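Visitor: First the structure, then my questions, so here it is.
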Amino acid sequence: MPSGKVIEAAATTVAPPIRSDRDNLKLFHVQAPESFHDMSVTDLVLGTDPRRPSQPARRTWALKPNMLTGRMDKIAKMEIQRDALRNREYLLHRLKKNDRFVRRPACTDDHITRASRLIEAERITCEVDEALRTVKDGFAAEMDRCGRRKDDAVRKTTALMEAMHDFSDFVATNDHWIKHNTDKSLEDERGAQVYVDERARLLIEQEVGLKKRTVLRSKKLARKEYKSLLDEIVALTAGDFNGTEHLITELEQQIAVMTIAQEAVEQKEQIEAEAESFRKRLNALEQMAAKEKILLTTKAKMLASKRHYEEMRNLLSVQQEADVQEYLNLQNSIYEIYTGACSLIGQERKASRKEFAEQFCTIGQCLLDSYIVQTAVNHVFAKNNPREGKEIPNQKLEEVTGLVGSGFFPHLTFKVLLKPLPLIRPQKNTLKS
1 MPSGKVIEAA ATTVAPPIRS DRDNLKLFHV QAPESFHDMS VTDLVLGTDP
51 RRPSQPARRT WALKPNMLTG RMDKIAKMEI QRDALRNREY LLHRLKKNDR
101 FVRRPACTDD HITRASRLIE AERITCEVDE ALRTVKDGFA AEMDRCGRRK
151 DDAVRKTTAL MEAMHDFSDF VATNDHWIKH NTDKSLEDER GAQVYVDERA
201 RLLIEQEVGL KKRTVLRSKK LARKEYKSLL DEIVALTAGD FNGTEHLITE
251 LEQQIAVMTI AQEAVEQKEQ IEAEAESFRK RLNALEQMAA KEKILLTTKA
301 KMLASKRHYE EMRNLLSVQQ EADVQEYLNL QNSIYEIYTG ACSLIGQERK
351 ASRKEFAEQF CTIGQCLLDS YIVQTAVNHV FAKNNPREGK EIPNQKLEEV
401 TGLVGSGFFP HLTFKVLLKP LPLIRPQKNT LKS
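Mapping the sequence shown onto this note's numbering, position 270 (from 1) lands on 270, and the numbers just tick up by one.
What follows is the structure, given as structure tokens:
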């Protein structure tokens, strides 16, 4: 049995995790005891090193489906991620260039230390198993509650579906009965309408039959009265007729004669009406013939007027040509007189054609003004008042002079306005002057 010093030394030394023989010689960090405070209880129980990235034993245990449920799988996954982060942090901060690694065998502790660690590990394993069983029982109870809730939900859903199915059947049945009742009410309404129509038709037929029976009864009574009347006539005229048949025959003959006479009267009236219409048409034709004669006469007058207008137009054209020629001759003669007058006056310069045209326009304007004044005189003298008789010529002349002097003719020249009276003379003399 080893000494106490060896035990103390072994107690102060942290043993590596229990591994197989193939992992006896590994490189371990010298400062490994400083990292125990970062290790979880699971790492201590299972004997895994958080500094190593590969942990196949823990990963295999965590992924067993028959031990953990989906919720436990999530917890194990979160722990694995936490340990991986711790491993990465440890590698970043602990592994330096000046760190030393020593090669140590895996089994350096004695059997007592290893047995104590195994007992501790077994105790912790039992606690973990108990905790897992407790969690498993709670999970099983929760699963039972979930199953009961699921069964309750399925039962409620089934009941709801059955209620919906029953309600659908009820709605369909209700719709069917509503349609049936609606059709029945419509059929009853149609039957009532048919009954009303048939009743109205029967009432009308009854009224018509009553009228027919009344007419037949009146005819029957009239026939009886007619027979009694014939019997009375035969009794009164016993020697003239040989019974009722003879009387009826005579009456029929007389009725036929009266009918023929009535037809003759109607034919006569029809012939008279046709004759009257014929006379009206004849009068209309005579009026149309008279209108045609008037139209022919008017046409002849229009043709004569047209010929007269053409003759007058020809005469006017000839007269216009003669007047134009006379005007040209007069212009030439006046030009010759004006030229001779200019030469007699002693003018040295020769009269131009332009000056002659201006003088000729002045003379023409004077002649036109004289014609206007003469027209005004004729207009004034032509007015006669039948109530006062003949008016005095001096008053007419004063009226003309007043019209001329008051600016009634604003286009007249000053000389004409000063001496208007000498211009008052007949039109022919004015034109000649």
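A virtual CB, placed ideally from N, CA and C, is assigned to each residue, including glycine.
Values in this document were obtained by computation on a predicted structure and should not be read as measured data.
Look at the alpha carbon of Ala290 and the alpha carbon of Gln262, and state the distance between them as a whole number of angstroms.
Guide: For the purposes of this step, residue 290 is identified with residue 290 of the sequence shown, where counting begins at 1. For the purposes of this step, residue 262 is identified with residue 262 of the sequence shown, where counting begins at 1. One C-alpha to the other measures close to 42 Å.
Visitor: Check whether the segment 225-234 and the segment 208-216 are in contact - that is, three or more C-beta pairs closer than 8 Å.
Guide: No, because fewer than three Cβ pairs between the segment 225-234 and the segment 208-216 fall closer than 8 Å, the two stretches do not touch.
Visitor: Take Ile233 and list the residues in its own chain whose beta-carbon comes closer than 7 Å to its own, dropping the five residues that flank it on each side.
Guide: Against the sequence shown, residue 233 aligns to sequence position 233. For Ile233, where only same-chain residues beyond five positions count, the Cβ hits under 7 Å are Leu247.
Visitor: Between Leu118 and Ala131, what straight-line distance do the alpha-carbon atoms span, to the nearest angstrom?
Guide: For this step, residue 118 is matched to residue 118 along the sequence shown. For this step, residue 131 is matched to residue 131 along the sequence shown. The alpha-carbon atoms of Leu118 and Ala131 are separated by roughly 19 Å.
Visitor: Where does Ala137 fall in DSSP's three states?
Guide: As a first step, residue 137 is located in the sequence shown; it is residue number 137 there, counting from the start. Sequence check: residue 137 is Asp here, not Ala. Of the three classes helix, strand and coil, the one that applies to Asp137 here is helix, per DSSP.
Visitor: Helix, strand or coil for Asp110 per DSSP?
Guide: Against the sequence shown, residue 110 aligns to sequence position 110. Correct three-state label for Asp110: coil.
Visitor: Quick check: what's the CA-CA separation for Tyr195 versus His180?
Guide: As a working note, residue 195 is residue 195 in the sequence shown. As a working note, residue 180 is residue 180 in the sequence shown. Approximately 22 Å between the Cα atoms of the pair.
Visitor: Go ahead and label Ala76 buried or exposed: buried means 16 or more other beta carbons lie within 10 angstroms of its beta carbon, across all protein chains shown.
Guide: Numbered from 1 along the sequence shown, position 76 holds the residue referred to as residue 76. It is buried - the Cβ of Ala76 has at least 16 other Cβ atoms within 10 Å.
Visitor: Just to confirm my understanding: we take Phe414, look at its own chain, exclude 5 residues before and 5 after, and list those with CB closer than 8 Å. What are they?
Guide: For this step, residue 414 is matched to residue 414 along the sequence shown. Legend: pLDDT at Phe414 = 41, less than 50; position of this residue unreliable, no value from coordinates given.
Visitor: What separation, rounded to the nearest whole angstrom, lies between the Cα atoms of Leu221 and Asp231?
Guide: Here residue 221 is taken as the residue at index 221 of the sequence shown, counted from 1. Here residue 231 is taken as the residue at index 231 of the sequence shown, counted from 1. Each residue's alpha carbon lies about 15 Å from the other.
Visitor: By how many angstroms is the C-alpha of Asp73 removed from the C-alpha of Leu85?
Guide: Your numbering for residue 85 matches position 85 in the sequence shown. Your numbering for residue 73 matches position 73 in the sequence shown. Spanning the two alpha carbons is a distance of roughly 18 Å.
Visitor: Would you call Asp137 buried or exposed, if buried means 16 or more other Cβ atoms sit within 10 Å of its Cβ?
Guide: Working through the sequence shown from its first residue, we reach residue 137 at position 137. Result: exposed.
Visitor: Compare the Cα-Cα distances from Cys361 to each of Glu207, Gln331, Ser116, Met161 and report the closest residue.
Guide: Walking along the sequence shown from the start, residue 361 turns up at place 361. Of the listed residues, the one whose Cα sits closest to Cys361 is Gln331.
Visitor: Closer than 7 Å: is that where the CB of Val128 sits relative to any heavy atom of the ligand NAP?
Guide: This structure lacks the ligand NAP, and indeed carries no ligand of any kind.
Visitor: Buried or exposed: which applies to Asp434, given that a residue is buried once 16 or more other Cβ atoms fall within 10 Å of its Cβ?
Guide: Outside the displayed range of the chain (1 to 433) lies residue 434, so it cannot be described from this structure.
Visitor: Let me know if Asp83 comes out buried or exposed under the rule of 16 or more other beta-carbons within 10 Å of its beta-carbon.
Guide: Numbered from its first residue, the sequence shown carries residue 83 at position 83. Asp83 is buried by the Cβ-count criterion.
Visitor: Could you tell me the alpha carbon to alpha carbon distance between Ala153 and Arg133, rounded to whole angstroms?
Guide: Position 153 of the sequence shown, counted from the start, is the residue given in the question as residue 153. Position 133 of the sequence shown, counted from the start, is the residue given in the question as residue 133. In a straight line, the C-alpha of Ala153 is about 29 Å away from that of Arg133.
Visitor: Which parts of the segment 172-234 are runs of the beta strand (DSSP E), unbroken and 3 residues or longer, counting only runs that do not cross its ends?
Guide: As far as the segment 172-234 is concerned, it has no whole beta strand (DSSP E) run of at least 3 residues.
Visitor: Using the Cα positions of Lys301 and Glu311, report the straight-line distance between them to the nearest angstrom.
Guide: Position 301 of the sequence shown, counting from 1, holds the residue named residue 301. Position 311 of the sequence shown, counting from 1, holds the residue named residue 311. So the alpha carbons of these two residues sit roughly 15 Å apart.
Visitor: Rounded to whole angstroms, what's the CA-CA distance from Ala192 to Thr182? Just pull it up for me.
Guide: Position 192 of the sequence shown holds residue 192. Position 182 of the sequence shown holds residue 182. Straight-line Cα distance between these residues: approximately 15 Å.
Visitor: How big is the Cα-Cα spacing for Lys299 and Ser305?
Guide: The count along the sequence shown starts at 1 and reaches residue 299 at position 299. The count along the sequence shown starts at 1 and reaches residue 305 at position 305. Their Cα atoms are separated by approximately 10 Å.
Visitor: What is the rounded straight-line gap between the Cα of Ile294 and the Cα of Asn329?
Guide: Looking up residue 294 in the sequence shown gives position 294. Looking up residue 329 in the sequence shown gives position 329. Straight-line Cα distance between these residues: approximately 51 Å.
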